[in-house]
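Asks: Residue numbers (my numbering), protein chains in the order written: chain A, 1 to 362; chain B, 1 to 362.
Cβ coordinates follow ideal geometry from the N, Cα and C atoms, glycine included.
I have a structure I would like to understand better, so I am pasting it below and will then ask my questions one at a time.
Protein chains: 2
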Amino acid sequence: MRVWYRCSRCGYTVEASSWLWRCPRCGNPLDLVIDGLKLTLSERRGLWRFSSVIPAKPLISLGEGFTPLVNADFLGRNVYLKLEYLNPTGSFKDRGSAVAVSRALELGVKAVVEDSSGNAGISVAAYAAAAGVKARIYVPKDAPEGKKNLIRSLGAELIEVQSRDEASRMAIESVGPGEAYIGHAWNPWFLQGTKTLAYELLDQLGHVPDAVVLPVSAGTLLLGLWIGFNELLNLGLINRVPRLYAVQAQGFASLYERMHGNYIREPTKLADALRVYNPPRIEQMVNAIRESNGDALVITDDELLQSWKSLLRRGFIIEPSSAIALSGYMKLLSNNHIDKDEETVIVLTGSGLKYIDIMSKI
Amino acid sequence: MRVWYRCSRCGYTVEASSWLWRCPRCGNPLDLVIDGLKLTLSERRGLWRFSSVIPAKPLISLGEGFTPLVNADFLGRNVYLKLEYLNPTGSFKDRGSAVAVSRALELGVKAVVEDSSGNAGISVAAYAAAAGVKARIYVPKDAPEGKKNLIRSLGAELIEVQSRDEASRMAIESVGPGEAYIGHAWNPWFLQGTKTLAYELLDQLGHVPDAVVLPVSAGTLLLGLWIGFNELLNLGLINRVPRLYAVQAQGFASLYERMHGNYIREPTKLADALRVYNPPRIEQMVNAIRESNGDALVITDDELLQSWKSLLRRGFIIEPSSAIALSGYMKLLSNNHIDKDEETVIVLTGSGLKYIDIMSKI
Numbered sequence: 001m002r003v004w005y006r007c008s009r010c011g012y013t014v015e016a017s018s019w020l021w022r023c024p025r026c027g028n029p030l031d032l033v034i035d036g037l038k039l040t041l042s043e044r045r046g047l048w049r050f051s052s053v054i055p056a057k058p059l060i061s062l063g064e065g066f067t068p069l070v071n072a073d074f075l076g077r078n079v080y081l082k083l084e085y086l087n088p089t090g091s092f093k094d095r096g097s098a099v100a101v102s103r104a105l106e107l108g109v110k111a112v113v114e115d116s117s118g119n120a121g122i123s124v125a126a127y128a129a130a131a132g133v134k135a136r137i138y139v140p141k142d143a144p145e146g147k148k149n150l151i152r153s154l155g156a157e158l159i160e161v162q163s164r165d166e167a168s169r170m171a172i173e174s175v176g177p178g179e180a181y182i183g184h185a186w187n188p189w190f191l192q193g194t195k196t197l198a199y200e201l202l203d204q205l206g207h208v209p210d211a212v213v214l215p216v217s218a219g220t221l222l223l224g225l226w227i228g229f230n231e232l233l234n235l236g237l238i239n240r241v242p243r244l245y246a247v248q249a250q251g252f253a254s255l256y257e258r259m260h261g262n263y264i265r266e267p268t269k270l271a272d273a274l275r276v277y278n279p280p281r282i283e284q285m286v287n288a289i290r291e292s293n294g295d296a297l298v299i300t301d302d303e304l305l306q307s308w309k310s311l312l313r314r315g316f317i318i319e320p321s322s323a324i325a326l327s328g329y330m331k332l333l334s335n336n337h338i339d340k341d342e343e344t345v346i347v348l349t350g351s352g353l354k355y356i357d358i359m360s361k362i
Numbered sequence: 001m002r003v004w005y006r007c008s009r010c011g012y013t014v015e016a017s018s019w020l021w022r023c024p025r026c027g028n029p030l031d032l033v034i035d036g037l038k039l040t041l042s043e044r045r046g047l048w049r050f051s052s053v054i055p056a057k058p059l060i061s062l063g064e065g066f067t068p069l070v071n072a073d074f075l076g077r078n079v080y081l082k083l084e085y086l087n088p089t090g091s092f093k094d095r096g097s098a099v100a101v102s103r104a105l106e107l108g109v110k111a112v113v114e115d116s117s118g119n120a121g122i123s124v125a126a127y128a129a130a131a132g133v134k135a136r137i138y139v140p141k142d143a144p145e146g147k148k149n150l151i152r153s154l155g156a157e158l159i160e161v162q163s164r165d166e167a168s169r170m171a172i173e174s175v176g177p178g179e180a181y182i183g184h185a186w187n188p189w190f191l192q193g194t195k196t197l198a199y200e201l202l203d204q205l206g207h208v209p210d211a212v213v214l215p216v217s218a219g220t221l222l223l224g225l226w227i228g229f230n231e232l233l234n235l236g237l238i239n240r241v242p243r244l245y246a247v248q249a250q251g252f253a254s255l256y257e258r259m260h261g262n263y264i265r266e267p268t269k270l271a272d273a274l275r276v277y278n279p280p281r282i283e284q285m286v287n288a289i290r291e292s293n294g295d296a297l298v299i300t301d302d303e304l305l306q307s308w309k310s311l312l313r314r315g316f317i318i319e320p321s322s323a324i325a326l327s328g329y330m331k332l333l334s335n336n337h338i339d340k341d342e343e344t345v346i347v348l349t350g351s352g353l354k355y356i357d358i359m360s361k362i
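Next up, the structure:
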């Protein structure tokens, strides 16, 4: 397998033998291009079952991937729920971290740097701990206290700053020699981890669903699915890509706004994991939605709260941000964007166990 | 498959066609005896993969079982960590709840009743929610606030009482017509769920390990393993039962004390999930330890804290009670009860995500 970085904007191409997270020529996000992709399933049960299509050595595992896919009825319609919140640190981010941190370790990195509103920081901190490398995590000070506690407990250095944007800027500026900026919103290795969700859905179902509905902020899961499904298409293992429906939170609807115009509402108070203003890969996100014949939606906090309660009352212990996908599905049903007979997967991305201190309020 | 209740003490036997949780003749715990046990693996990936040996219809699933088994080095020795904390509600209890609540639903029960210091209550509440039956959970008021919040959020009725013992007594007294007392420490159906861990270890490893080290309070996991390994032995699928090592917390060392005499120390402050004074199945627990050539150990809070930190610093987000198993393993190594070349599985039973509000203190 030979792997290249290719700039998503200017086309600059270079062999992926060192750590890059954006184009050295124009500063835009990089993609990874893999020569000679071939799928051979390994006997392992987690994400590394798909090792043959992941361009990194399987150096670290905390048990990520192979999350349950369960059936549930909503409004009389049967859907699949993909329980990504049962990943090792409680979010789908572990797919990206397992691959990105493994690759960083392979390249001899001594410390990783990340900015995050919580889940990505926890995930990178845990995988850095497993890898035996240092982690420095920049978070906005209004991130949930529990998430910040956990990042520290995992042995990472936690740096609190004023805002999500400042976290990003300061993380990038701080990166020194021997250190790697993970930056999940930028990082092309991270997407090589999240793409395994597409492979796993095919593995679990035996085919691909008609539609996938998922929460979207920086787009790492959306783009992972897009990459994965397209690889499967090119490998001749599927004959169509499922429609991808991106569900966003009020106040952080950049993708929706790019596609449908302004959506004025105050920033979400509930969906803290979806607070991203300027996703660097927005062009690619728009493309994935359009090319898959999907759509972008925005959900209000009132709608989200109903879905969160509804999922908890069915035994699914998810974080509020994840519930937004169910709200999105309900809206897509009522707008006839998804037909009642179509097979749909709703991705539940993050664990509610990180929120039990605030659950008394609902 | 024909299934019988048999009293562990007086031998009273009756077909298991209604809900019983203790012997109607002498009040002691009941076992389930299965006629014609035969193992056929199903295509499903979770606990119900072992449906053929579970005497209950697979009515409910939240994605329990099939938890990761990962390798890690401690003191230069390689062990397997079985990540039971990645079960749907964050503890191994989900194996028991999935089976017991499925069976209760099959028998037409309208509400389930449980007493718990936290994890079992969360688990039963979630499975009752999934089953669409009511749940009433009695907990001691000193149980962690977050765990109590979560039980309420899952739609259960939470009743706080003075102590763990009072929770038990009041739960039992409260059970009315059409209601089933789950009582995981008593319930024989619950053990039919936890026994799947033995089947799963064989399935994942291809053989059984030399030793299994696990936290023990009411003994539901210990006895599940004992039942499961013995069934596998009787089925001719393995030729020995692994040595079972039960690790207990200071102040709640009933099993250790039965085997080795008094152990005087103040009750644990850290291992809240292990606070059980009088496990009803203590005789069976002693038998499982002795017959398997294992042992019981007690770990102090100081030792436990070290192991908890050590596991967190390796990326394993577990609750303090679970870390006790690693402390136990260290002690067994240093006492030469486990040889450095022996294959050992350490069971990590509960999720640390339920504790992120207190993590700032460590």
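Which first and last residues belong to the alpha helix (DSSP H) in which B/GLN204 is found?
Replies: Start at 1 with the first residue of the second sequence, and residue 204 of chain B comes out as number 204. It spans 196-205 - the alpha helix (DSSP H) in which B/GLN204 sits, taken as one unbroken run.
Asks: Are the C-beta atoms of B/ALA129 and some chain A residue less than 8 Å apart?
Replies: Translated into positions along the second sequence, residue 129 of chain B becomes position 129. At least one chain A Cβ lies under 8 Å of B/ALA129.
Asks: Between the stretch 337-357 of chain A and chain B, which residues of the former have CB atoms less than 8 Å from a CB of the latter, in chain order?
Replies: Here the close residues are SER351, GLY352, LEU353, LYS354, ILE356, ASP357.
Asks: Inspect the beta-carbon positions of B/VAL53 and B/LEU39 and report whether they are closer than 8 Å.
Replies: Counting from 1 along the second sequence, the entry for residue 53 of chain B is found at position 53. Counting from 1 along the second sequence, the entry for residue 39 of chain B is found at position 39. Yes. Within cutoff.
Asks: Here's the rule: buried if 16 or more other CB atoms are within 10 angstroms of the residue's CB, otherwise exposed. What is A/GLU15?
Replies: Translated into positions along the first sequence, residue 15 of chain A becomes position 15. That one is exposed.
Asks: Of the residues that make up the stretch 132-152 of chain B, which ones have a beta carbon closer than 9 Å to any beta carbon in chain A?
Replies: Within the stretch 132-152 of chain B, the qualifying residues are GLY132, PRO144, GLU145, GLY146, LYS147, LYS148, ASN149, LEU150, ARG152.
Asks: Alpha carbon to alpha carbon, how far is B/ALA180 from B/GLY132? Give it in angstroms, no decimals.
Replies: To locate residue 132 of chain B, count along the second sequence from 1; it is residue 132. To locate residue 180 of chain B, count along the second sequence from 1; it is residue 180. Cα to Cα, B/GLY132 sits roughly 14 Å from B/ALA180.
Asks: Go ahead and label B/MET1 buried or exposed: buried means 16 or more other beta carbons lie within 10 angstroms of its beta carbon, across all protein chains shown.
Replies: For the purposes of this step, residue 1 of chain B is taken as residue 1 along the second sequence, with counting starting at 1. Under this definition B/MET1 is an exposed residue.
Asks: To which residues of the same chain is B/ALA72 closer than 7 Å at the C-beta, ignoring the five residues directly before and after it?
Replies: In the second sequence, the residue the question calls residue 72 of chain B occupies position 72. Once the five neighbours on either side are set aside, the close Cβ partners of B/ALA72 are VAL79, LEU81, ARG314.
Asks: Any contact between the stretch 82-100 of chain B and the stretch 82-97 of chain A? By contact I mean 3 or more CB pairs, one from each, below 8 Å.
Replies: Touching, per the Cβ criterion.
Asks: Just to confirm before moving on: does the CB-CB distance between B/LEU191 and B/LEU223 stay below 8 Å?
Replies: Here residue 191 of chain B corresponds to residue number 191 of the second sequence, with the count starting at 1. Here residue 223 of chain B corresponds to residue number 223 of the second sequence, with the count starting at 1. Cβ atoms of B/LEU191 and B/LEU223: closer than 8 Å.
Asks: Nearest to B/CYS26 by alpha carbon, out of B/ARG45, B/SER42, B/LEU37, B/ARG6?
Replies: Against the second sequence, residue 26 of chain B aligns to sequence position 26. It is B/ARG6 whose Cα lies nearest to the Cα of B/CYS26.
Asks: Could you give the residue range of the alpha helix (DSSP H) that holds B/GLU106?
Replies: Residue mapping note: residue 106 of chain B aligns to position 106 of the second sequence, counting from 1. Run containing B/GLU106: 93-106, per the alpha helix (DSSP H) assignment.
Asks: Looking at the secondary structure, which residues open and close the beta strand (DSSP E) in which B/THR67 lies?
Replies: Numbered from its first residue, the second sequence carries residue 67 of chain B at position 67. Run containing B/THR67: none; DSSP gives neither H nor E here.
Asks: Please specify which runs of the alpha helix (DSSP H), each continuous and at least 4 residues long, are wholly inside the stretch 284-334 of chain B, giving them in chain order.
Replies: Entirely contained in the stretch 284-334 of chain B, the alpha helix (DSSP H) runs reaching 4 residues are, in chain order, 301-312, 320-334.
Asks: Which full runs of the beta strand (DSSP E) of 3+ residues lie inside the stretch 238-271 of chain A, going along the chain?
Replies: With a minimum length of 3 residues, the continuous beta strand (DSSP E) runs that stay inside the stretch 238-271 of chain A are 243-249.
Asks: Would you list the residues sitting across from A/GLU15 in a DSSP beta bridge?
Replies: Counted from its first residue, the first sequence places residue 15 of chain A at position 15. Paired residues: A/TRP4.
Asks: With which residues is A/ARG22 paired in a DSSP beta bridge?
Replies: As a position in the first sequence, residue 22 of chain A is number 22, starting the count at 1. Looking at the DSSP assignment, A/ARG22 forms a beta bridge with A/PRO29.
Asks: Who are the Cβ neighbours of B/ALA156 in its own chain at under 6 Å, not counting the five residues just before and after it?
Replies: For the purposes of this step, residue 156 of chain B is taken as the residue at position 156 of the second sequence. Cβ within range, chain order: ALA125, ALA135, ILE137.
Asks: How would you list, in chain order, the residues of chain B whose beta-carbon sits under 9 Å from the beta-carbon of A/SER61?
Replies: The sequence position of residue 61 of chain A within the first sequence is 61, counting from 1. Neighbours of A/SER61 on chain B, chain order: PRO68, VAL70, ASN71.
Asks: Beta carbons nearer than 7 Å to chain A: which residues of the stretch 83-101 of chain B have them?
Replies: Per Cβ criterion, the list reads LEU83, LEU86, PRO88, THR89, GLY90.
Asks: Span of the beta strand (DSSP E) holding A/LEU81?
Replies: Along the first sequence, one-based indexing puts residue 81 of chain A at 81. Note, A/LEU81: beta strand (DSSP E), 77-83.
Asks: Taking buried to mean at least 16 other C-beta atoms within 10 Å of its own C-beta, is B/SER217 buried or exposed?
Replies: Counting from one through the second sequence, the residue named residue 217 of chain B turns up at place 217. Counting Cβ neighbours within 10 Å, B/SER217 comes out buried, since at least 16 surround it.
Asks: Just list the alpha helix (DSSP H) runs in the stretch 143-205 of chain B, keeping only unbroken ones of 4 residues or longer that don't cross its boundaries, in chain order.
Replies: Fully enclosed alpha helix (DSSP H) runs of 4 or longer: 145-153, 164-174, 188-194, 196-205.
Asks: Can you name the residues that DSSP bridges to B/SER351?
Replies: Residue mapping note: residue 351 of chain B aligns to position 351 of the second sequence, counting from 1. Note: B/SER351 sits in a beta bridge opposite B/ILE318.
Asks: Output needed in chain order: residues of the stretch 246-272 of chain A with a Cβ under 8 Å from some Cβ in chain B.
Replies: Of all residues in the stretch 246-272 of chain A, none has a Cβ within less than 8 Å of some Cβ in chain B.
Asks: Answer with yes or no whether the minimum CB distance from B/GLY294 to chain A is below 8 Å.
Replies: Sequence index remark: in the second sequence, residue 294 of chain B carries index 294 (1-based). Judged by the 8 Å Cβ criterion, B/GLY294 is not in contact with chain A.
Asks: Using beta carbons (cut-off 8 Å, strictly below), is A/ALA198 in contact with chain B?
Replies: Translated into positions along the first sequence, residue 198 of chain A becomes position 198. Not an interface residue.
Asks: Could you check the C-alpha separation between A/GLN355 and A/ILE182 for me, to the nearest Å?
Replies: Position 355 of the first sequence, counted from the first residue, corresponds to residue 355 of chain A. Position 182 of the first sequence, counted from the first residue, corresponds to residue 182 of chain A. In the sequence under discussion, the amino acid at residue 355 of chain A is Tyr, which differs from the Gln named in the question. So the two alpha carbons sit approximately 25 Å from each other.
Asks: Give me the Cα-Cα distance between B/ASN287 and B/PRO280, rounded to the nearest whole angstrom.
Replies: Taking the second sequence and counting its residues from 1, the one referred to as residue 287 of chain B is at position 287. Taking the second sequence and counting its residues from 1, the one referred to as residue 280 of chain B is at position 280. Distance between the alpha carbons of B/ASN287 and B/PRO280 is about 14 Å.
Asks: In three-state DSSP terms, what is A/TYR127?
Replies: For the purposes of this step, residue 127 of chain A is taken as residue 127 along the first sequence, with counting starting at 1. A/TYR127: helix per DSSP, three-state reduction.
Asks: Over what stretch of residues does the alpha helix (DSSP H) that includes A/GLU231 continue unbroken?
Replies: Taking the first residue of the first sequence as position 1, residue 231 of chain A is located at position 231. Per DSSP, A/GLU231 belongs to the alpha helix (DSSP H) from 220-234.
Asks: How do the stretch 251-262 of chain B and the stretch 302-316 of chain B stand: do at least 3 beta-carbon pairs fall below 8 Å, yes or no?
Replies: The stretch 251-262 of chain B, when compared against the stretch 302-316 of chain B, does not touch it at the 8 Å Cβ threshold.
Asks: Between which two residues does the beta strand (DSSP E) carrying A/ARG136 extend?
Replies: Position 136 of the first sequence, counting from 1, holds the residue named residue 136 of chain A. 134-140 is the extent of the beta strand (DSSP E) around A/ARG136.
Asks: For the stretch 301-315 of chain A, which residues have a CB atom closer than 7 Å to at least one CB atom of chain B, in sequence order?
Replies: Those residues of the stretch 301-315 of chain A that come within reach of chain B (Cβ to Cβ, closer than 7 Å) are LEU312, ARG313, ARG314, GLY315.
Asks: What residues are listed by DSSP as bridge partners for A/ILE60?
Replies: By 1-based counting over the first sequence, the position of residue 60 of chain A is 60. Paired residue(s): none; A/ILE60 is not in a bridge.
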